[in-house]
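If you use this note's numbering, the sequence shown corresponds to residues 188 to 340, in order.
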Amino acid sequence: MKEQLVSRCSTGLSSVLLTVPLEKPLQNEEEILDYLKCLFGPEVQKYIMILFTHGDELEELDQTIHEYLKHNDHEDLQRLVTECGGKFHCFNNKRKSDDQIQELQQKIEGMMMENSGKFMMKQMKRNSSKVIPVNFGLPTTKKKKRKFRCLFC
């Protein structure tokens with residue numbers, strides 16, 4: 188899988204967008220990070236931006252994403268965010284403005300500048316430039332699959 192993903196990135200991997208839905212209690216978030224580390228090495232976490240979706244659920248709870256993450260029930264999400272250097276963004280799925288998209292783009296560009304826009308170039312092949320969506324289904328303790336989506340840029 189690594190070769191397939193890498194071969195589609197012209198200048199190497201500059202960012203990974205890991206989307207995590209907030210609409211239901213989550214489990215096994217760290218497994219996806221472990222999977223990415225196995226796939227690309229431990230350095231990959233410097234290039235991951237976590238995108239929490241369904242932030243509109245937080246408005247109904249009258250909470251910000253920061254308040255939500257600080258809650259004791261979400262220690263797993265706190266660890267995930269911490270391991271990825273605190274880089275995250277939250278989308279309100281009901282909001283139609285482009286502001287949140289522009290804010291996400293600015294955060295990703297900032298992360299790329301921090302990392303000099305490079306990710307282990309010596310290990311990567313060059314080919315075509317694409318955003319590569321990958322869906323992961325991870326088993327939970329209830330034998331359901333939790334869907335995660337990563338965009339490799």
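For each residue, glycine too, the CB sits at the ideal point set by N, CA and C.
Residue of the options minimising C-alpha distance to residue i
i, options, result
"H276", "G228, I252, E210, K257", "I252"
"G297", "Y234, C225, G242", "Y234"
"S201", "D263, E270, D221, M236", "M236"
Rounded straight-line distance, which links the Cα of residue j to that of residue i
i, j, result
"D260", "T240", "18 Å"
"E244", "D285", "19 Å"
"E270", "Q232", "7 Å"
"N279", "L248", "13 Å"
"L291", "M300", "14 Å"
"Q293", "P229", "24 Å"
"E262", "E254", "12 Å"
"E246", "I295", "24 Å"
"E210", "Q289", "23 Å"
"Q250", "H258", "10 Å"
7 Å CB neighbourhood of residue i in its chain, flanking five on each side removed
i, result
"N302", "K233, Y234"
"L256", "L264, Q265, V268"
8 Å CB neighbourhood of residue i in its chain, flanking five on each side removed
i, result
"K224", "V231, Q232"
"P341", "The structure shown does not extend to residue 341, since the chain is modelled only from 188 through 340, so no value can be given for it."
"G273", "none"
"R282", "D243"
Start and end residues, alpha helix (DSSP H) containing residue i
i, result
"V231", "Taken as a continuous stretch (DSSP letters only), V231 belongs to no alpha helix (DSSP H), as it is neither H nor E."
Own chain partners of residue i with C-beta closer than 6 Å, once the 5 adjacent residues on each side are dropped
i, result
"Q287", "F278"
Unbroken beta strand (DSSP E) run spanning residue i, endpoints
i, result
"L205", "203–208"
(request) Only counting runs of 3 or more residues, tell me where the beta strand (DSSP E) segments fall wholly within the region 244–287, in order along the chain. (result) 275–277
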